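**Q** These protein sequences, in sequence, are chains A and B. Just so you know, the first sequence maps onto residues 1 to 186 in full-length UniProt numbering. Just so you know, the second sequence maps onto residues 1 to 186 in full-length UniProt numbering. In this text, a Cβ means the ideal position worked out from N, Cα and C, and glycines have one as well. From a predicted model like this one, the values you see are computed outputs, not experimental measurements.
There are 2 protein chains.
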Amino acid sequence: MTNANDKYAEVTLETEKIFDGKVISLQVDRVRLPNGETATREIVRHPGAVCVLALVDDKMLVVEQYRKPLGRSQVEIPAGKLDPGEEPSEAAKRELEEETGYRCGSMRPISSFYTSPGFADELLHLFFAEQLTPGQANLDEDEFLDCTALTFEQAKQYIAEGRISDAKTIAAVYAWQIYRLTGDFL
Amino acid sequence: MTNANDKYAEVTLETEKIFDGKVISLQVDRVRLPNGETATREIVRHPGAVCVLALVDDKMLVVEQYRKPLGRSQVEIPAGKLDPGEEPSEAAKRELEEETGYRCGSMRPISSFYTSPGFADELLHLFFAEQLTPGQANLDEDEFLDCTALTFEQAKQYIAEGRISDAKTIAAVYAWQIYRLTGDFL
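(1) In whole angstroms, what is the alpha-carbon distance linking lysine 168 of chain B and lysine 17 of chain B?
(2) Quick check on phenylalanine 152 of chain A: does DSSP put it in helix, strand or coil?
(3) Would you check if the distance between the CB atom of phenylalanine 152 of chain A and the CB atom of arginine 180 of chain A is smaller than 8 Å?
(4) Going by DSSP, what residue range makes up the alpha helix (DSSP H) through threonine 169 of chain B?
(5) Using a Cβ-Cβ cut-off of 8 Å, state whether serine 165 of chain A counts as contacting chain B.
(6) According to DSSP, simplified to helix, strand and coil, what is threonine 133 of chain A?
(7) With respect to the alpha helix (DSSP H) encompassing serine 89 of chain A, which residues constitute its N-terminal and C-terminal limits?
(8) Chain B partners of serine 89 of chain A, CB-CB under 9 Å?
(9) Lysine 93 of chain B: buried (16+ other C-beta within 10 angstroms of its C-beta) or exposed?
(10) Between B:Phe185, B:Leu26 and B:Ala129, which lies nearest to isoleucine 77 of chain B when the distance is taken from Cα to Cα?
(11) Under a CB-based cut-off of 8 Å, is glycine 135 of chain A close to chain B?
(12) Would valine 23 of chain A and phenylalanine 119 of chain B be called neighbours here (beta carbons separated by less than 8 Å)?
(13) If the criterion is Cβ atoms closer than 8 Å, does the pair threonine 115 of chain A and serine 25 of chain B meet it?
(14) Under 8 Å between C-beta atoms, does phenylalanine 127 of chain A make it to chain B?
(15) Which whole-angstrom value describes the C-beta separation of valine 28 of chain B and glutamate 42 of chain B, a residue pair presumed to lie in contact below a C-beta threshold of 8 Å?
(16) Determine the extent of the beta strand (DSSP E) in which glutamate 10 of chain B is found, giving its start and end residues.
(17) For chain A, check one thing: does any of its Cβ atoms lie closer than 8 Å to the Cβ of glutamine 157 of chain B?
(18) Along the chain, where does the beta strand (DSSP E) containing aspartate 29 of chain B start, and where does it finish?
(19) At which residues does the beta strand (DSSP E) containing phenylalanine 113 of chain A begin and terminate?
(20) Please determine, among B:Glu99, B:Val56 and B:Val11, the residue with the shortest C-alpha to C-alpha distance to valine 50 of chain B.
(21) For the beta strand (DSSP E) holding lysine 59 of chain A, just list the boundary residues, first then last.
(22) Would DSSP call isoleucine 159 of chain B helix, strand or coil?
(23) Where does phenylalanine 127 of chain B fall in DSSP's three states?
(24) Would you mind telling me which residues of chain A sit closer than 8 Å to glutamine 65 of chain B, beta carbon to beta carbon, in chain order?
(25) Looking only at its own chain, which residues have a Cβ that is under 6 Å from the Cβ of cysteine 104 of chain A, when we skip the five neighbours before and after it?
(26) So does the segment 50 to 63 of chain B actually touch the segment 155 to 174 of chain B, counting three or more Cβ pairs closer than 8 Å?
(27) Roughly how many angstroms separate the alpha carbons of glycine 80 of chain A and aspartate 146 of chain B, rounded to a whole number?
(28) Taking C-beta pairs closer than 7 Å, name the residues in chain B that threonine 115 of chain A reaches, listed in chain order.
(29) Within its chain, find whatever has a CB closer than 6 Å to the CB of isoleucine 138 of chain A; leave out the 5 residues flanking it on each side and keep chain order.
(30) Can you list, in chain order, the residues of its chain with a C-beta nearer than 7 Å to that of threonine 15 of chain B? Leave out the 5 residues immediately preceding and following it.
(31) State the start and end residues of the unbroken beta strand (DSSP E) segment that holds leucine 53 of chain B.
(32) Can you find the residues in the same chain that come closer than 8 Å, C-beta to C-beta, to threonine 40 of chain B, ignoring five residues on each side of it along the sequence?
(33) Going along the chain, which residues of the segment 25 to 39 of chain B sit with their C-beta nearer than 8 Å to a C-beta in chain A?
(34) Skipping 5 residues on each side, what residues in its chain have a beta carbon closer than 7 Å to that of glutamine 182 of chain B?
(35) Return helix, strand or coil for lysine 22 of chain B, following the three-state DSSP convention.
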């Protein structure tokens, strides 16, 4: 395994645009595989997003909101899409304040990850919020959610019960546990 | 916050099917919001997938493969889509053996998470492989990848360098660190 190993790169032969929406777009690429055969790849484009581990009195700020793709509500850390050209750390401050009211002095990057690299290019940036001060939430027009805060044991329980069940929030709880045990995020 | 709080449930008024592919499908739902307004929701349907934290001599098995949505290769833990009707633990055993050659006596669930609940219903099951025995990999026809194994320090380094940058592998490394520190996965 060498660095930047693209010996298995797939060459795009054709791109068919399927859909261009408010949040995502979809294309189907016909590609040439390393063995010379062709295949199709279904690719969702997404602007990227941010999410925030914010601890207040040793509790994690979470929001409960309805997730239409799942047909139910979920408890998640504050998160949102990047606006065009927006710095991830600024987006994280904006989303935290909009959804929870808390203002944040600085955002420390924990990690950035592609949520579903098999079919989507969504890159999610996870931050740790420092220097928090309370304030007034200010939700988007079509955003409905409740903010609360969970102890570590509650967060663990919520994961066990399936009330927390999304990648970013579970990654944040894992990062929090590592932070509790080591004082660092990995 | 009450359990199964769906007071913000969105009622589906109309569903438009946009695309039905090999891996994903796409629909746009028009919904009624809690305030009576309407909005659209872009929803990707996915069959679900599995991924495996497998430790051999205290090293994590990983595969490097080209990811067309990202336009580059990535190092990830073994993973793959669920076949219709397949048990996640069976799929995890199958994918581990196909991609790495290792057979696994039992698959212990670590966690299951929705990768992108804002726009997709993909549910990913993360397992810990126990009782591993080496064997011969057996890749799908259109699958090209290299298998290797990383120490914890190497995995950490790969994350810092961006060679590991997907949610499932970062979650697996976090889980591994918690396991190293506590003997359990959370």
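**A** According to the structure shown:
(1) 29 Å
(2) helix
(3) yes
(4) 167 to 182
(5) yes
(6) strand
(7) 88 to 100
(8) The premise fails here: serine 89 of chain A is roughly 17 Å from chain B at the closest Cβ pair, so nothing lies under 9 Å.
(9) buried
(10) B:Ala129
(11) no
(12) yes
(13) no
(14) no
(15) 5 Å
(16) Unbroken run through glutamate 10 of chain B: none, as it is neither H nor E.
(17) no
(18) 25 to 32
(19) 103 to 114
(20) B:Glu99
(21) 59 to 67
(22) helix
(23) strand
(24) Tyr8
(25) Lys93, Leu96, Ala129 and Leu132
(26) yes
(27) 35 Å
(28) Thr115, Ser116 and Ala167
(29) The sequence shown places asparagine at residue 138 of chain A, not isoleucine. Taken in chain order, the residues that qualify are Glu98.
(30) Gln27 and Asp29
(31) 49 to 56
(32) Val28, Asp29, Arg30 and Val31
(33) Leu26, Val28, Asp29, Val31, Leu33, Pro34, Asn35, Glu37 and Ala39
(34) Reading off the sequence shown, one finds threonine at residue 182 of chain B, where the question assumed glutamine. Cβ within range, chain order: n/a, list empty.
(35) coil
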